[in-house]
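Residue numbers (my numbering): 1 to 435.
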């Protein structure tokens, strides 16, 4: 709704988005200047006020206590920007449990993100792994460890799409701009203009952007800025091989001793020690996946009267395993489904073939064809998508492929989706996304 021409913004009020203030009008204390309104040359940002995105502050102007420096205005070197409504704090809560086996990775990520000196832009930090590997927990723990170094805000975006189509890069740009106080999309309908405004904001501020469930390099590129002090931390479902200079870490299943310690942390060392054979059986059925171990631990913690053997016996039945590994809103099946659902039909067919094959699949010893070995390009694409892993240490130099256990169980019973829900072909051969 448009305000009357020349109307003043009362103290403590925020002028409507898109409403033009009178020429030369001052922003009263406690008010937020409208986004997109040009402040008078040399005008100061009063206490508690948020200057508009893209408004240049006078050279050397100080940001008063309680105010948010305008997006696009660089704070003096070493100056702290006081908390305010312009600095988003969107990080979900850090995991409360210990990330057993991930301690060194957390340290590496926090060290990378803590390099806040101006200069050439830091590459995005990317964590990639199979479903259930604990990527989200890892990046959130690292992000919380460095959030004080990013006083201009921490933005969190979950790119998980309930359908088969991924979130577009332009939709992500608009989402991050909104978090940083940007103007509505209707004011900047051209995608390149929105991208330019986002680069401008990130280059002059200290903002941490955390992206979860990333599906392609194209979703990350608009956030990479050269010469700024912002940082991007990514949890990805596939290798982002074409991302320039990425700081990449691949994670997978925990080793058995680590998974055992993780279960003991949740259930209690004495209880696990008293039923060690059953505890080991639970860990092995979870195949070392942190999400599976975590769900098993929560299930047992909620049932202190039940012996560990009850869960061990249930998980030993592969037909029941994915159904059993669920508690509350945590589900291993749902985690695998998020990887499986966007796959084009040729990759689903390949997964079904592999699910019926021996655990160690050796293409060189399996005839090609509809019921034999999937084509090599399909196998490599499944590796790229973290649904299949390779073993090059096998004897005789043969390349072995192995499905992640949860993926094998899911693919062996997964129904074909309705045609309307099948992913359209990607460019090129219908398999590979932007790499």
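Glycine included, each C-beta is placed from N, C-alpha and C at the ideal position.
Alpha-carbon spacing of residue i relative to residue j, whole angstroms
i	j	result
residue 191	residue 333	36 Å
residue 107	residue 208	17 Å
residue 315	residue 403	18 Å
residue 400	residue 252	17 Å
residue 223	residue 344	28 Å
residue 99	residue 362	34 Å
residue 96	residue 273	23 Å
residue 380	residue 351	12 Å
residue 308	residue 233	38 Å
residue 220	residue 214	8 Å
residue 169	residue 305	49 Å
residue 235	residue 91	14 Å
residue 342	residue 386	13 Å
residue 230	residue 162	29 Å
residue 289	residue 257	13 Å
residue 110	residue 311	37 Å
residue 271	residue 278	11 Å
residue 142	residue 125	11 Å
residue 243	residue 377	21 Å
residue 374	residue 130	20 Å
residue 410	residue 353	13 Å
residue 320	residue 105	33 Å
residue 166	residue 269	42 Å
residue 173	residue 241	21 Å
residue 196	residue 218	15 Å
residue 439	residue 138	In the structure as shown, the chain starts at 1 and stops at 435, and residue 439 therefore has no counterpart that could be examined.
residue 447	residue 398	The structure shown does not extend to residue 447, since the chain is modelled only from 1 through 435, so no value can be given for it.
Contacts around residue i, its chain only, beta-carbon distance under 6 Å, and the 5 residues preceding and following it disregarded
i	result
residue 384	238 and 239
residue 199	225
residue 245	123
residue 349	none
residue 248	126
residue 264	272
residue 330	295
DSSP bridge partner residues for residue i (one or two, in chain order)
i	result
residue 236	128 and 214
residue 401	361 and 390
residue 226	According to DSSP, residue 226 bridges with nothing at all.
residue 89	154
residue 208	154 and 231
residue 248	126
Among the options, the one whose alpha carbon lies nearest that of residue i
i	options	result
residue 298	216, 133, 181 and 325	325
residue 87	150, 362 and 111	150
residue 134	311, 171 and 94	94
residue 266	295, 232 and 163	295
residue 171	194, 155 and 154	194
residue 335	279, 358 and 405	405
residue 285	139, 303 and 260	260
residue 275	398, 412, 300 and 115	300
residue 292	390, 262, 153 and 268	262
residue 152	114, 204 and 349	204
residue 103	389, 254, 283 and 377	254
residue 136	287, 390 and 210	210
residue 287	138, 155, 327 and 318	318
residue 159	216, 327 and 197	216
residue 356	282, 173, 413 and 144	413
residue 327	303, 338 and 218	303
residue 358	138, 157, 322 and 408	408
residue 389	250, 330 and 157	250
The ligand FAD heavy atom lying under 7 Å from the CB of residue i
i	result
residue 218	Looking at this structure, you won't find the ligand FAD or any other ligand, since it has none at all.
Residues near residue i by beta carbon distance below 8 Å, same chain, minus five either side
i	result
residue 78	With a pLDDT of only 45 at residue 78, under 50, the local geometry of the prediction cannot be trusted, and the value read off the model is given with reservation. So no residue of the chain qualifies.
residue 114	146 and 149
residue 155	88, 90, 176, 179, 180, 207, 208, 209 and 210
residue 338	131, 160, 213 and 237
residue 322	332, 333, 336, 406, 409 and 410
residue 280	256 and 260
Spatial neighbours of residue i in its chain, beta-carbon cut-off 7 Å, leaving aside the 5 residues before and after
i	result
residue 360	400 and 402
residue 347	378, 381, 382 and 431
residue 144	91 and 94
residue 140	91, 92, 94 and 95
residue 76	Its pLDDT being 44, under 50, residue 76 is placed unreliably in this model, and the value from its coordinates should be taken loosely. So no residue of the chain qualifies.
residue 505	No statement about residue 505 is possible, as the shown extent of the chain runs from 1 to 435 and does not include it.
residue 62	Note that residue 62 has pLDDT 46, beneath the 50 cutoff, so the model's placement of it is unreliable and no number is given.
Ignoring anything shorter than 4 residues, give me the alpha helix (DSSP H) runs that lie fully in the region 307-343, in order along the chain. Listed in chain order, they are 308-316, 318-324 and 332-340.
Counting only runs that start and end within the region 269-306, where is the alpha helix (DSSP H) found for 4 or more residues in a row? Annotation: the region 269-306 contains the following complete segments of the alpha helix (DSSP H) (minimum length 4 residues), in chain order: 269-274, 276-285 and 290-301.
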